[in-house]
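Have a look at the structure below, then the notes.
Chains as they are written, first to last, in the working numbering: chain A, 3 to 630; chain B, 3 to 630.
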């Protein structure tokens, strides 16, 4: 019988031998591979931390102790071991398991996370909380080499001195960030890794275990003595020395027995400390081992296939952007592109292949990506910042000060705007219209089709002001919408997709397709409603306010939270007209269909959109209710 | 004749002897001291960088070359030397000079800044822009020891390897952040400073000048050799070594002659490099030298006084908060407070004096402040995060993921919400209602009086959800508003301050006082309008929407940008009622008085508010126009 079948929770691990744990690791790896081949998800990083996860659950009790996964996408083995094995087949599905840690699923997950670089910061707070309450639970962080370069990680490391108790930081170094490693720290870690043999690493493990300071000894002296036993040619300790954080390692992250001993030994430290663990992304599944980048975040695939994965799907907005920026860059040498560790996800790979000197990857560091772009724009370039909507939240203040206040022509290409389906609440891009349209000088374009996306990018490259272009994780629309939206994008001008009616459906972005379909269904019932593609969340087309003044009813569709979104912008402009022209009260009304003020769980995008009224059926229903 | 009188621009400096430049430094210091004694502003940091500024302008030509000041508040000498001497008497005033760099004032200022940690990031972008265009201008950054610990600085340092040309970073180490230095880096720098004598520093300067690699030599070899000549007992170079950034110093930042030689020598480097400069905050003005914290940012003061400064002014919202948190913390041991290098400005000094173990200063690192609070809240504490509105923009993503998504009871006390007067556009807090009210679970309280601020804080401490409390840089209202607002704050409940009328003035925060005054003036004219204190931007009081449904006209007053603000929230709720109850169309209308979609320059707060209609006179005018 597979050992995995007998494991109902972490307690069951504690009686197993190291050899049994090794077999368990293989079984967990098989389960992860077969599940992700069906559901899609993060594969390589999860395969890399199976042994670490097992060893952690052998040594600690994470109902009392606290385990924080940075980014969180490497938590699959943890979920399998903490009572969620049966639900694991419903990974990333409606009413199934989140692909990220989730306190709603399990008491073993203290934080719901999906953004990088937060774990040391929250652990710092938890450790200070324990210090304040004088409780003794152990706190453990698992953070990757890609996350530790984020500014937030650094701010947390710089403040670890506030903690006067245990706090274990596992630096899970799989020698590869999401894409090729970037930046000085990554290069330094790679250099360290290349200068150590496997034998070195085993020797380091033995030294740590022999020299680990014991309880009772004055910790500072003991640590000082310990450091002297660990002189290496190239020691990563100097990276952490000036931050005054005790450092141990590097050690082998696939040696369960050694990890268990190391965690037990380090448990006695009454100070924050870093244990540097070497793991291999994709460990144990050959295609992922050979091509971890491809299997970082994957759709469903064939396990025994040739590693080429599923056939290419339909054309997405990301594909459309990928081609558009290459075409424009061929004509305009001012165009450069910036990504924060996501050249694949944002569609920059073809651009980088053609223009390697014009493509900059700053690692998971969204704030510097935006300020760097501002500096480039000041020099006359046209930088295109490619960051997912949810991650661009991290650059809000830089967009404010370095871009909007200076009125610099930085272009933001914001993929994953709106609901994103299976990644769930940490990844939806539901706030970008709100946080962007508050800022003066910014233009916020929301293309509904490939033609509009391309035209918006052309407009942005020609603009002297900052332009944000948002589009969802979605296929570009086939059929009628492309020809209807062929006219060039002009800032603040909407496009009429279907004329007429006292009721007008105004859609922003590709969700306008639901308005078109609803209008067709209503026409079949003998009722004519107009359809307008809004195109811009800022500036607002004054002709839309004219419709309100004429007393029309506007049903507004947007893939954004209701608060501060596009409908809200229309309402404001109507209200401002009340102030500037008090005699001509705006008589029309707006009925917004948008995401309500809640977090939307994982599911399909269409299901999520329909949940807030964005389907032809729901729109028809609403229109009919207005008539009754 | 004072030398300063003969200086009309940087070119005039280039012919002066070092001795003349020294005298010029003294004259500039006098001008800064006398001006700030009248206008208020940043004193100590400006006195510290006079020699550095002069030496920079002697060596570089910053119409072609680029000079970036981090934070920017230390740019006074730079302004005096770059053609703004005559306007300097109007520092921080309406139609005068900004207290920060401003491209609108001068081509010598590439970026308008006021937030910390951005300069290396923008310089990185400018250097890459120059690299792309193959231009040869020099780029220089002046960044303080308090700014370099910000995560954004670190992200930029980590990516400096992208730059293959000159980029000089002056680490202006005045050994004191805004308050007492915080964090490992600050401690490390302080340790380095304490282990060097003045003679050491002079020796270092000589060594740098003797061994500076020359053009033509292979740079890498030369730098390697150079490093060997610079072995010190405690070298700050190891802080930058793992980031692979060439480091030079520390050198004396008040020795103009040496600085000029150093800048000239380093100008030949074709790689980014750090020059570590020791300066003294308040250098040359005894009271500021003795008490640089007091003179960091000051109001007007008496130059020959006893250093006690101007008499204490009226009671501010900051004062009210300072007392309220101490009182509450005495009764509730769960309350802890977090500041990002601003214990003075946010009113935390009395709390820190009483509860030193419960007050945490993370340095200029707003992101980690919020995540740390989330970790503490998870442990059952009630952390109070005290950050100015504009700086909290840097934590937007952390408020989203770690606080709102987890629904943790973190309390945000947001001072400097709304317009801030003389600090101008980088410091106004005009976006917080917008970026906060988009997030589920958050409560956004906007107290109008001391009673309401205290009650909001009590409510927040008792809440199981996150609560943000925003208040302006303003005195608490005297007279009628305090008794009218004595009833406890209840989430989502407004308070009627004056009943009646078809027109109701709804004010949020202390600007409601203008509504009360307007109502009194209107009553004198025989016209009754109601006045409501809204108290909460989220949740919205449904009774306000009832008024709309009844057909009333609401004039809405808020100290926030029109986009996504409080009026916008009311409009949305009205529109949502149109959807949920389509038969009962909302008939009333909203007339918003809020900050328009532009940046508001420095001036007095009252002038700024009146500019967007927030004065009794303007409100009366608007009400009367509705009648005509």
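Glycine included, C-beta positions come from ideal geometry on N, C-alpha and C. Remember, it's a predicted structure, so these values are computed and weren't measured experimentally.
Residues of the region 465-484 of chain B with a Cβ closer than 7 Å to any Cβ of chain A: none. The alpha helix (DSSP H) runs of length 4 or more contained entirely in the region 303-371 of chain A are, from start to end of the chain, 319-333, 351-356.
Pairing residue 503/B with residue 532/A, the inter-Cα distance amounts to about 39 Å. Chain order gives the chain B residues near residue 396/A as 399, where near means a beta carbon separation below 7 Å.
Contact between the region 158-166 of chain A and the region 323-338 of chain A is not established, with fewer than three Cβ pairs separated by less than 8 Å. The beta carbon of residue 439/A falls within 8 Å of a beta carbon belonging to chain B, placing the residue at that interface. By the neighbour-count definition (other C-beta atoms within 10 Å, threshold 16), residue 305/A is an exposed residue.
The three-state reading of DSSP puts residue 259/A in helix, counting H, G and I together. Around the beta carbon of residue 254/A, 16 or more other beta carbons sit within 10 angstroms, so the residue counts as buried. Interface residue (Cβ-Cβ distance to chain B less than 8 Å): residue 240/A is classified as such. Restricting attention to 101/B, 460/B, 43/B, 390/B, the CA atom closest to the CA of residue 332/B is found in 460/B. Going by DSSP, residue 535/A is part of the beta strand (DSSP E) stretching over 532-535. The beta carbons of residue 464/B and residue 541/B sit about 16 Å from each other, so the pair does not count as a contact at 8 Å.
A distance below 8 Å separates the beta carbons of residue 160/A and residue 245/A.
Between residue 338/B and chain A, the shortest Cβ-Cβ separation is below 8 Å. The beta carbon of residue 589/B sits closer than 6 Å to those of 553, all from its chain and outside the five residues before and after it, given in chain order. Residues of the region 372-391 of chain B with a C-beta less than 9 Å from any C-beta of chain A: 372, 373, 374, 375, 376, 377, 378, 379, 380, 381, 382, 383, 385, listed in chain order. Nearest CB-CB separation between residue 591/A and chain B: below the 8 Å threshold.
Residue-level contact check: residue 427/B touches chain A, since one or more beta carbons of chain A fall below 8 Å from its beta carbon.
In terms of Cα proximity to residue 607/A, the closest of 353/A, 496/A, 364/A, 424/A is 424/A. Spatial neighbours of residue 511/B in its own chain (CB-CB distance under 6 Å, excluding positions within 5 residues in sequence) are listed in chain order as 448, 450, 561. For residue 570/A, the chain B residues whose Cβ falls inside 9 Å of its Cβ are 565, 566, 570, 571, 573, 574, 577, in order along the chain. A distance below 7 Å between beta-carbons, with the five flanking residues on each side excluded, links residue 149/B to the following residues of its chain, in chain order: 72, 73, 118, 119, 155, 366. Within 10 angstroms of the beta-carbon of residue 315/A lie fewer than 16 other beta-carbons, which makes it exposed. CA-CA distance, residue 538/A to residue 496/A, rounds to 7 Å.
With a minimum length of 3 residues, the unbroken runs of beta strand (DSSP E) contained wholly in the region 423-486 of chain A fall at 445-447, 469-472.
Look at the region 124-147 of chain A: the residues with a C-beta under 7 Å from a C-beta of chain B are 124, 125, 126, 127, 128, 130, 131, 132, 134, 135. Considering only 428/B, 172/B, 440/B, the residue with the shortest C-alpha distance to residue 393/B is 428/B. DSSP places residue 78/B in the uninterrupted alpha helix (DSSP H) bounded by 78-83. Relative to the Cα of residue 585/A, the nearest Cα in the group 198/B, 444/B, 286/B, 591/B belongs to 591/B. Contact annotation: residue 6/A and residue 45/A have beta-carbon atoms that are not nearer than 8 Å. Around the beta carbon of residue 395/B, 16 or more other beta carbons lie within 10 angstroms, which makes this residue buried. Short of 7 Å from the beta carbon of residue 490/B, and not among the five residues preceding or following it, lie these beta carbons of its own chain, in chain order: 457. Residue 93/B has 99/B as its beta-bridge partners, per DSSP. Taking the Cα positions, residue 132/B is about 47 Å away from residue 516/A. 398/A is the residue among 398/A, 377/A, 594/A whose C-alpha sits nearest the C-alpha of residue 433/B.
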